[in-house]
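**Student:** Take this structure, written in structure tokens, and hold onto it; I'll ask about it next.
In my numbering, the protein residues as written are 26 to 342.
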């Protein structure tokens with residue numbers, strides 16, 4: 026019932042599909058039960074914890090298995106912790122905690138070994154990496170795994186968050202064709218980031234514009250329930266940012282493309298989802314205003330009027 030309630034809330038928020046990060050097999054089974062009863066109100070790309078690999082492969086499942094409503098996504102593993110708790114793995118100590126560089130849960134060798142096994146069975150990797158050291162290790166692990174059989178990142182390995190970047194990491198991410206799954210709400214709600222990294226390194230905190238201009242594929246999401254499930258809030262934060270990072274503002278068009286087509290690409294669905302085109306599924310959202318015409322500071326006032334999934338009206342505001 027909790028899973029069904031969450032999917033209905035996503036529909037109310039204007040979402041036609043979600044990438045969910047599952048914690049265990051029980052949550053996966055709950056989604057399967059809802060799907061089997063024909064009750065899923067949105068399309069689900071289910072990212073499973075890495076320790077479910079054996080469970081999934083023994084059932085002949087891999088990334089992309091499933092139907093139009095519920096598909097197996099990637100496998101998630103954690104490279105570090107969080108910025109707020111000072112457990113993100115950093116190259117240099119935290120500015121407000123000089124004896125602390127955070128926590129690295131997996132080094133590049135561990136990540137490479139895990140990814141090589143995932144690749145053997147056809148699984149995408151979704152690597153949680155927030156600090157620049159964790160991102161460095163994630164990218165090096167991906168590079169080693171690519172050398173072992175995932176040329177050009179055909180399995181579309183992703184880094185979840187990619188919060189504290191650096192110019193060399195951006196270049197390596199571009200070169201490896203790694204997808205950056207980012208959360209614009211963090212720009213405001215992770216207000217402590219400036220204190221954690223200081224003014225010089227803050228230049229590289231949530232650098233969405235720099236990453237996009239470098240040729241990195243961005244896919245956007247909320248990280249709900251850490252953040253509110255609000256596409257409008259996401260759009261507002263990406264476009265308006267906060268006063269110390271205005272150089273990283275995106276346009277409305279850039280933001281919507283990352284949130285729609287970019288997320289579809291990150292889930293191997295760009296041929297069916299992510300844009301309104303002949304032959305694609307009729308999934309779309311109707312808003313109260315033309316967001317391309319509104320002054321940026323008025324974006325936060327936009328409301329969701331309709332959610333259409335598969336051509337059917339699923340929510341009326």
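C-beta atoms are modelled at their ideal positions from N, C-alpha and C, and glycine is treated no differently.
Going by C-alpha to C-alpha distance, which of 288, 100, 180, 33 sits closest to residue 201?
**Tutor:** Within the chain shown, numbered from 1, the residue matching residue 201 stands at position 176. The option with the nearest alpha carbon to residue 201 is 180.
**Student:** Buried or exposed, going by whether 16 or more other CB atoms sit within 10 Å of the CB of residue 337?
**Tutor:** Counted from its first residue, the chain shown places residue 337 at position 312. Looking at its Cβ environment, which holds fewer than 16 other Cβ atoms inside 10 Å, residue 337 is exposed.
**Student:** Which residue marks the beginning of the alpha helix (DSSP H) containing residue 160, and which one marks its end?
**Tutor:** The count along the chain shown starts at 1 and reaches residue 160 at position 135. Per DSSP, residue 160 belongs to the alpha helix (DSSP H) from 157 to 172.
**Student:** With respect to the alpha helix (DSSP H) encompassing residue 70, which residues constitute its N-terminal and C-terminal limits?
**Tutor:** By 1-based counting over the chain shown, the position of residue 70 is 45. Premise fails: residue 70 lies in the beta strand (DSSP E), 68 to 74, not in any alpha helix (DSSP H).
**Student:** Using the Cβ count rule (16 or more neighbours within 10 Å means buried), how would you classify residue 284?
**Tutor:** If you number the chain shown from 1, residue 284 lands on position 259. Classification of residue 284: buried, given that the 10 Å Cβ count is 16 or more.
**Student:** Relative to the alpha-carbon of residue 238, which residue among 198, 151, 32, 78 has its alpha-carbon at the smallest distance?
**Tutor:** Taking the chain shown and counting its residues from 1, one reaches residue 238 at position 213. Taking only the C-alpha atoms, the option nearest residue 238 is 198.
**Student:** Figure out for me which residue from 66, 35, 81 has the closest Cα to the Cα of residue 51.
**Tutor:** For the purposes of this step, residue 51 is taken as residue 26 along the chain shown, with counting starting at 1. The shortest C-alpha separation from residue 51 is found at 81.
**Student:** Residue 272 to residue 79, Cα distance in whole Å?
**Tutor:** Looking up residue 272 in the chain shown gives position 247. Looking up residue 79 in the chain shown gives position 54. Taking the straight line joining both Cα atoms gives about 45 Å.
**Student:** Give me whichever residues DSSP pairs with residue 230 in a beta bridge.
**Tutor:** Translated into positions along the chain shown, residue 230 becomes position 205. 189, per the DSSP bridge assignment.
**Student:** Output the distance between the C-alpha atoms of residue 75 and residue 101, rounded to the nearest integer angstrom.
**Tutor:** Position 50 of the chain shown holds residue 75. Position 76 of the chain shown holds residue 101. In a straight line, the C-alpha of residue 75 is about 5 Å away from that of residue 101.
**Student:** Quick one: what does DSSP say residue 333 is sitting in, helix, strand or coil?
**Tutor:** What you label residue 333 is simply residue 308 of the chain shown in a count that begins at 1. Looking at residue 333 - three-state DSSP - the assignment turns out to be strand.
**Student:** Could you tell me the distance, in whole angstroms, from the CA atom of residue 108 to the CA atom of residue 157?
**Tutor:** By 1-based counting over the chain shown, the position of residue 108 is 83. By 1-based counting over the chain shown, the position of residue 157 is 132. Spanning the two alpha carbons is a distance of roughly 11 Å.
**Student:** Which of the three DSSP states, helix, strand or coil, is assigned to residue 328?
**Tutor:** Sequence index remark: in the chain shown, residue 328 carries index 303 (1-based). Here residue 328 sits in coil by DSSP.
**Student:** May I ask you to list the residues that DSSP assigns as paired with residue 244?
**Tutor:** For this step, residue 244 is matched to residue 219 along the chain shown. According to DSSP, residue 244 bridges with 206.
**Student:** How would you call residue 299, buried or exposed, if buried means at least 16 neighbouring beta carbons within 10 angstroms?
**Tutor:** Counting from 1 along the chain shown, the entry for residue 299 is found at position 274. The residue is buried, with at least 16 neighbouring Cβ atoms inside 10 Å.
**Student:** Please classify residue 190 as buried or exposed, where buried requires at least 16 other C-beta atoms within 10 Å of its C-beta.
**Tutor:** In the chain shown, the residue the question calls residue 190 occupies position 165. Buried.
**Student:** Taking the beta strand (DSSP E) that residue 43 falls in, what are its first and last residues?
**Tutor:** Within the chain shown, residue 43 is the residue found at index 18, counting from 1. Counting along the chain, the beta strand (DSSP E) containing residue 43 begins and ends at 42 to 46.
**Student:** Taking only the alpha-carbon atoms, compute the straight-line gap between residue 53 and residue 250 and give it to the nearest angstrom.
**Tutor:** As a position in the chain shown, residue 53 is number 28, starting the count at 1. As a position in the chain shown, residue 250 is number 225, starting the count at 1. Their Cα atoms are separated by approximately 17 Å.
**Student:** Please determine if the stretch 119 to 136 and the stretch 81 to 93 are in contact, where contact requires at least 3 C-beta pairs separated by less than 8 Å.
**Tutor:** no
**Student:** Can you give me the start and stop residues for the alpha helix (DSSP H) that residue 259 sits inside?
**Tutor:** Along the chain shown, one-based indexing puts residue 259 at 234. Residue 259 -> alpha helix (DSSP H) spans 256 to 265.
**Student:** Please list the terminal residues of the continuous alpha helix (DSSP H) segment that includes residue 309.
**Tutor:** Sequence index remark: in the chain shown, residue 309 carries index 284 (1-based). The continuous stretches of alpha helix (DSSP H) do not include residue 309, which lies in the beta strand (DSSP E) extending over residues 309 to 312.
**Student:** Give the straight-line distance between the Cα atoms of residue 234 and residue 143, rounded to the nearest whole angstrom.
**Tutor:** In the chain shown, residue 234 corresponds to position 209, counting from 1. In the chain shown, residue 143 corresponds to position 118, counting from 1. The alpha-carbon atoms of residue 234 and residue 143 are separated by roughly 31 Å.
**Student:** Strictly by DSSP, which residues pair up with residue 91?
**Tutor:** Indexing the chain shown from 1 puts residue 91 at position 66. Note: residue 91 sits in a beta bridge opposite 96.
**Student:** Measuring straight from C-alpha to C-alpha, what distance separates residue 182 and residue 315?
**Tutor:** Locating residue 182 in the chain shown gives position 157, where the first residue counts as 1. Locating residue 315 in the chain shown gives position 290, where the first residue counts as 1. About 34 Å.
**Student:** Tell me whether residue 57 is buried or exposed, calling it buried when 16 or more other Cβ atoms sit within 10 Å of its Cβ.
**Tutor:** The count along the chain shown starts at 1 and reaches residue 57 at position 32. The residue is exposed, with fewer than 16 neighbouring Cβ atoms inside 10 Å.
**Student:** What does DSSP give as the partner residues of residue 275 in its beta bridges?
**Tutor:** Within the chain shown, residue 275 is the residue found at index 250, counting from 1. Per DSSP, none; premise fails for residue 275.
**Student:** Under 6 Å Cβ to Cβ from residue 169, same chain only, skipping five residues before and after it: list those, please.
**Tutor:** For the purposes of this step, residue 169 is identified with residue 144 of the chain shown, where counting begins at 1. Closer than 6 Å at Cβ, skipping near neighbours: 137.
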